[in-house]
Every structure is written in C-alpha cells, then in structure tokens.
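See below for the structure under consideration.
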C-alpha cells in the first residue's frame, strides 16, 4: 500500500467521514485543539522559563514540573486526540502538505524529548545537572514545541 | 463607521497585508502562537486563583513573575490582531463572531481590573491559601471562560457562517 492509498484510507474511516460531513464538528474540534494548545504552551513555557532562570524562579524546578505534569499531559492528550480527528477528516489534503509532515516529525521529537531528557533534567535536584545543560534542555524544548505549532499553522497555507 | 472601514481597507498597508503571500501567514501564525505566551500564562494564574493548580505557590508570586511575560504575549497578540483586522476591516466588522470577540475581550479586561483593584489588594491575607477566597476563584474562572470564548470566536470568525452583507 503506497502513502497516498493509506491517507485515502484514513480519510474514508468512519471518524474521518463523520467529521468531514458535519458543518460544525471540524470548527468545534479546532477550537478545542487551540484551547489545548494554549494550555500546553502555558505549562511548557512555565517550566522552560524556570529552567532558563525566568518566571517562577524561586520555586524548585522539580516541584514546578511535578505540579504542572498532569495539566501538561492532559493538554497534550487533548491536542493529540483532537488533532487525530482533524487529520482523519482531511487526510488527503495533509498528504500533499509538506508542513504536515514537518509537524508530525517535530511532534514525535518534542514528545519524546519532553518525557525523557526534559523530564530527567527538570526533575533533578538543584546543581545536579550542569547549568548549561539545563538551559540547553529548555531551549531545545521551546524550539521543538514552537516548531510543532508553527508548522501546524502552515498546514492551512501549503 | 462603514465609510471609515472602507477607506481603511483601501489604504496601501491593508492591501499589502491582504495580498501578501508570506506576510499575512506570518502575522496569523504570530497571532495564534502567542496564545501560548499570553493565554497559556494567564491560564496558569487563573488556575492558581481557582485553586486548581500550582497550589503551593503564593498567588502574588505567580502573578508577579508570570504576568510580565503574559503582557509581552498580549502586546504581540494585540499587534498581530490589529494587523489582521486592518487587512480586511469591512469583513471583520460585519462578522458576528468578531463582534462577540471584541465584547468578550472588554469583559475579560474589566474582570482583570476588578480583580486587581478589589480582592487582590488584600492578597497578603490569602496569598498562601491553596484555595483562594470565593471572589478570587470567581475572577479566575471568569477569566478562563472569557478568554476561551475569545479564542473560540476568533477561530469561528474564519467560517463566516452568519456574515452580513458581502463577505
């Protein structure tokens, strides 16, 4: 099965068809996707800013990351599930959109990075990880998530 | 009002943004992504006020340390938003979602000012409470609801379901 056939199959799924044939479902799902993005961005920024020495810097980063973890995971889960619905409804359009593939690649990288390196670094005791690495982790996290958001918006344009 | 908007729409700047292949998408992307910086950080404070998140951290610290960044986000968002409006003022002004959005932004502003000049003046008395007083919780929930409404209207504006006159 080639790529296009696979994406055509996605678009023909029941979920994809239901969303595509409804006037209001796509916009409503899009709104939830955007609200989840705002919350995800807020939680990611709050912790990354802390790692960079800005914002809530008198709080231990491990504590801050732990407190915001459920909100971040919830926002990410909501973004991904609404994103899947949006994708299924217009999979063939996504197949022809380079930004879509950039976004998916960056999303995988950002998610992996968040739950491995960043989780370890943010959760470490103060001074345990060299400051340069802490700062680099935050910059990488911000760059990856920014890339996801940026390329996501550009699916609409290309 | 409409003659002014029509004049605005025919200025060189408006035509430039509307017809540009790259500038318009960049302005729109800025407008959407600053949601993270503005609404995302405002949401952190709102959730703290509602007693739902960051419970161990003093409210004044969350407000004092995160709001300056949220204001930067607001400046970017308002600037990009004004440019988007400027690119097609007649169509935007006729859109019902745009009108609701403007009202909701005003209400969100009033909510923030009311909070700031009333219950927040006595923040020292409840700064460390995991669940702040009812007035503060209400302000947090109201802010979350109003800003969410603003985002929803902003998104719906693109669909022109109920456009008046010509789109």
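Protein chains in written order, with my numbering: chain Z, 7 to 164; chain R, 55 to 221. From the three backbone atoms N, C-alpha and C, an ideal C-beta is built for every residue, glycine too.
Can you give the beta carbon distance from residue i to residue j, rounded, assuming they're within the 8 Å contact cut?
i, j, result
"residue 115 of chain R", "residue 64 of chain Z", "7 Å"
"residue 95 of chain R", "residue 51 of chain Z", "6 Å"
"residue 198 of chain R", "residue 117 of chain R", "So it is not a contact: roughly 15 Å between Cβ atoms."
"residue 17 of chain Z", "residue 98 of chain Z", "5 Å"
"residue 82 of chain Z", "residue 70 of chain Z", "Going by Cβ atoms, the distance from residue 82 of chain Z to residue 70 of chain Z rounds to 17 Å, so no, they are not a contact pair."
"residue 153 of chain Z", "residue 92 of chain Z", "Not really, about 19 Å apart at Cβ, beyond 8 Å."
"residue 204 of chain R", "residue 162 of chain R", "7 Å"
Using a Cβ-Cβ cut-off of 6 Å (strictly less than) and excluding sequence neighbours within five positions of residue i, which residues of its own chain qualify?
i, result
"residue 161 of chain Z", "103, 105 and 106"
"residue 78 of chain R", "71"
"residue 135 of chain Z", "127"
At a threshold of 6 Å, does residue i count as lining the ligand SAH (C-beta to nearest heavy atom)?
i, result
"residue 149 of chain Z", "Ligands are entirely absent from the displayed structure, and the ligand SAH is therefore not among its contents."
Which residues in the same chain as residue i place their Cβ atom closer than 8 Å to its Cβ, once the five residues preceding and following it in sequence are excluded?
i, result
"residue 142 of chain R", "63, 68 and 72"
"residue 155 of chain Z", "43 and 47"
"residue 176 of chain R", "none"
"residue 13 of chain Z", "97, 98, 100 and 101"
"residue 123 of chain R", "91 and 95"
"residue 117 of chain Z", "82"
Give me, in chain order, the residues of the same chain whose beta-carbon lies closer than 7 Å to that of residue i; leave out the 5 immediate sequence neighbours on both sides.
i, result
"residue 58 of chain Z", "141 and 144"
"residue 60 of chain R", "144"
"residue 184 of chain R", "105 and 109"
"residue 21 of chain Z", "91 and 94"
For the stretch 35-57 of chain Z, enumerate the residues whose C-beta is nearer than 8 Å to any C-beta of chain R, in chain order. The stretch 35-57 of chain Z vs chain R, Cβ under 8 Å: 36, 37, 40, 41, 43, 44, 45, 46, 47, 48, 49, 50, 51, 52 and 55.
May I have a chain-ordered list of the alpha helix (DSSP H) segments no shorter than 4 residues that lie completely inside the stretch 114-168 of chain R? 143-148
Using a Cβ-Cβ cutoff of 8 Å, what residues of the stretch 70-91 of chain R are near chain Z? List them in chain order. 79, 82, 83, 86, 87, 89, 90 and 91
Would you list, in chain order, the members of the stretch 145-161 of chain R that have their beta-carbon closer than 7 Å to a beta-carbon of chain Z? none
Please name the residues in the stretch 61-78 of chain Z whose beta-carbon is closer than 9 Å to at least one beta-carbon of chain R, in chain order. Near chain R, meaning a CB-to-CB distance below 9 Å, the residues of the stretch 61-78 of chain Z are 61, 62, 63, 64, 65, 69, 70, 73, 74, 76 and 77.
Short of 7 Å Cβ to Cβ, which residues in the stretch 186-207 of chain R face chain Z? 202, 205 and 206
According to a CB-to-CB cut-off of less than 9 Å, which residues of the stretch 143-160 of chain Z neighbour chain R? 151, 152, 155, 156, 158, 159 and 160
Within the stretch 77-164 of chain Z, note down every full alpha helix (DSSP H) run reaching 4 residues or more, in order along the chain. 97-101, 104-119, 125-129 and 137-160
Contact list for the stretch 113-139 of chain R against chain Z, Cβ threshold 8 Å: 115, 116, 119, 120 and 123
Check each residue of the stretch 164-182 of chain R: if its Cβ is closer than 7 Å to any Cβ of chain Z, include it; give the result in chain order. none
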